[in-house]
Amino acid sequence: MAKMCITVFSGSIDRLTGAAILASAAAAMDMEVELFLQLWGAYAFKKDVIKENVHFSEFKEKADEVAKKLQELNIPPWYEMLKQAKESGKVKVYACSTAAKIWNASKEDFELVDELIGAGEWIEKSKDADINLFV
Amino acid sequence: MAKMCITVFSGSIDRLTGAAILASAAAAMDMEVELFLQLWGAYAFKKDVIKENVHFSEFKEKADEVAKKLQELNIPPWYEMLKQAKESGKVKVYACSTAAKIWNASKEDFELVDELIGAGEWIEKSKDADINLFV
Amino acid sequence: MAKMCITVFSGSIDRLTGAAILASAAAAMDMEVELFLQLWGAYAFKKDVIKENVHFSEFKEKADEVAKKLQELNIPPWYEMLKQAKESGKVKVYACSTAAKIWNASKEDFELVDELIGAGEWIEKSKDADINLFV
Chain A
48 MAKMCITVFS
58 GSIDRLTGAA
68 ILASAAAAMD
78 MEVELFLQLW
88 GAYAFKKDVI
98 KENVHFSEFK
108 EKADEVAKKL
118 QELNIPPWYE
128 MLKQAKESGK
138 VKVYACSTAA
148 KIWNASKEDF
158 ELVDELIGAG
168 EWIEKSKDAD
178 INLFV
Chain B
48 MAKMCITVFS
58 GSIDRLTGAA
68 ILASAAAAMD
78 MEVELFLQLW
88 GAYAFKKDVI
98 KENVHFSEFK
108 EKADEVAKKL
118 QELNIPPWYE
128 MLKQAKESGK
138 VKVYACSTAA
148 KIWNASKEDF
158 ELVDELIGAG
168 EWIEKSKDAD
178 INLFV
Chain C
48 MAKMCITVFS
58 GSIDRLTGAA
68 ILASAAAAMD
78 MEVELFLQLW
88 GAYAFKKDVI
98 KENVHFSEFK
108 EKADEVAKKL
118 QELNIPPWYE
128 MLKQAKESGK
138 VKVYACSTAA
148 KIWNASKEDF
158 ELVDELIGAG
168 EWIEKSKDAD
178 INLFV
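Residue numbers (the numbering used here), protein chains in the order written: chain A, 48 to 182; chain B, 48 to 182; chain C, 48 to 182.
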């Protein structure tokens, strides 16, 4: 089965939305999708952050306009897209164990995370992917 | 033929310059090159934005120094590099149809864009690429 | 031998740390690892910048908290991780020759850099990599 692996370094909701759209599309096409959350990515998946986070990576002055437009177009928040994509059983989310330590977090402190793994395990998983991205 | 696919999420001219240099080099080496413009990438290709945009993703305090130096070295703006690369016939630029909706834009509102496509079509195109990048 | 290629565009220490963790993990698993430094990546490897740089790409207001936590967890700075990974002989660092010109720098002005190469040479090296990332 074709596979997409995304290293999610960013915790900005604009980049997370871009990644979630690609992940959902890949899962809808029957690809296996795996995400590995590094520093800010792990931060953004924390239960106490995930719905509160409004951080944009670029053009912060246009954040409100984009957020409003996404709502008008009925595009769900990035974490809802991922949640729906996970219902297919084709999407796995791993948080980096080092990032978890940085945030004093265990698996239960994250939303949507299946497992904490090390960078070596991630390399092992991603080296045979058809699409590798760093977001 | 070898293929490079770049998901252009960023609309910052520093990252766009980095992507354009890689795209031009790949086209010059006879690779097929395909770009998919997400949120800020699509914004940056809008006809009313493309030449006016001065947004940098990092070290904004050094933007003027870098812009001046690029001129001294006769490095064309990122959109000129892509325009020249497109003359080879090896470079295709797709804007994400959702991003187009966010910017209330049709194909004619963008510079250098060949077609609007959905994320699923992009996954289909990029899953057999030799190089996949997310910028 | 499996190969990972990272185009290091960013000069932010958070993204560089993410990249260094992946590069170290890949080298520890006997993969060949190659880095290509574009604009800010090349800047961050300059001898007069490498240890002074405190630039974060995201959540700048949390930079101090993360920096302190990395120290507590005994995670070495990104350049120390790369230095150690290079001792395996499996990691090569190339700076983009255009970026070197932008910074008026020759190979000797960079730390950890093995060679200056053009974008075409980088495409040649990276097109058969198992993992390609743009950071």
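We treat Cβ as the ideally placed atom computed from N, Cα and C, and that holds for glycine.
Treat the numbers as computed from the prediction; the structure is a model and nothing was measured.
Could you please tell me which residues of the segment 77-95 of chain A, in chain order, have their CB closer than 8 Å to any CB of chain C? Q85, L86, W87 and Y90
Cβ-based neighbour list, F56 (chain B), same chain, cut-off 8 Å, excluding 5 preceding and 5 following: Q85, L86, W87, G88, F181 and V182
Put E81 (chain A) into one of helix, strand or coil per three-state DSSP. strand
I need the straight-line Cα distance from P124 (chain C) to A67 (chain C), nearest angstrom please. 9 Å
For I44 (chain C), write down the residues that DSSP places opposite it in a beta bridge. Lying outside 48 to 182, the shown extent of chain C, residue 44 (chain C) is not represented and no answer is given.
Residues of chain B with CB under 7 Å from E105 (chain A), in chain order? S57, G58, S59, W87, H102 and S104
What in chain A is Cβ-close to K116 (chain B), meaning under 9 Å? Per Cβ cutoff of 9 Å: no residues; K116 (chain B) is ~22 Å from chain A at best.
Which residues share a DSSP beta bridge with I178 (chain A)? A:M51
List, in order along the chain, the chain B residues whose C-beta lies closer than 8 Å to that of L180 (chain A)? T54, N179, L180 and F181
Please classify G136 (chain C) as buried or exposed, where buried requires at least 16 other C-beta atoms within 10 Å of its C-beta. exposed
Where are the alpha helix (DSSP H) runs, 4 residues long or more, that stay fully inside the segment 55-124 of chain A, in chain order? 60-75, 86-91 and 110-119
Beta-carbon separation of L129 (chain C) and V140 (chain C) under 9 Å? yes
Residues of chain C with a CB under 9 Å from the CB of V36 (chain B): which are they? Summary: the structure shown does not reach residue 36 (chain B), with chain B confined to residues 48 through 182, and so no result is reported for it.
Within 9 Å (strictly less), CB to CB, does T64 (chain A) reach chain C? no
Excluding the five sequence neighbours on either side, which residues of its own chain have a C-beta within less than 6 Å of the C-beta of E162 (chain B), listed in chain order? Y141
At least one CB of chain C closer than 9 Å to the CB of M48 (chain B): is that the case? no
Given that a residue counts as buried once 16 or more other Cβ atoms are within 10 Å of its Cβ, and exposed if not, what is V138 (chain A)? buried
Residues of its chain near H102 (chain A), where Cβ-Cβ distance is below 6 Å and the 5 sequence neighbours each way are ignored: S59
Under 8 Å from the C-beta of A132 (chain C): neighbouring residues of chain A: Going along chain A, no residue has its Cβ under 8 Å from A132 (chain C), so there is no contact; the nearest lies around 12 Å.
Interface positions of the segment 158-180 of chain B facing chain A (Cβ-Cβ less than 9 Å), listed along the chain: G165, A166, G167, E168, W169, I170, E171, S173, K174, D175, A176, N179 and L180
According to the Cβ coordinates, are I178 (chain B) and M51 (chain B) closer than 9 Å? yes
So with CB distances below 7 Å, who are the chain A contacts of K148 (chain B)? L120
Can a CB atom of chain C be found closer than 9 Å to the CB of L69 (chain B)? yes
Closest by C-alpha distance to A75 (chain B), when choosing among B:L63, B:M48 and B:F92: B:M48
Assign L117 (chain A) to buried or exposed, taking buried as 16 or more other Cβ atoms, counted over all protein chains shown, within 10 Å of its Cβ. buried
Report the option in A:L69, A:I53 and A:Q131 whose CA atom is closest to the CA atom of A146 (chain B). A:L69
Would K109 (chain C) count as contacting chain A if we go by Cβ distances under 9 Å? yes
Report the residue from A:L63, A:D61, A:D95 and A:E79 whose alpha carbon sits nearest the alpha carbon of N151 (chain A). A:D95
Determine, for A72 (chain A), whether the minimum Cβ-Cβ distance to residues of chain B falls below 9 Å. yes
Quick one, which of C:A132, C:E168, C:L159 and C:E108 has its alpha-carbon nearest S71 (chain C)'s? C:A132
Can the beta-carbon of N63 (chain B) be found closer than 9 Å to that of Y126 (chain B)? Checking the displayed sequence, the identity of residue 63 (chain B) turns out to be Leu instead of Asn. Going by C-beta atoms, L63 (chain B) is nearer than 9 Å to Y126 (chain B).
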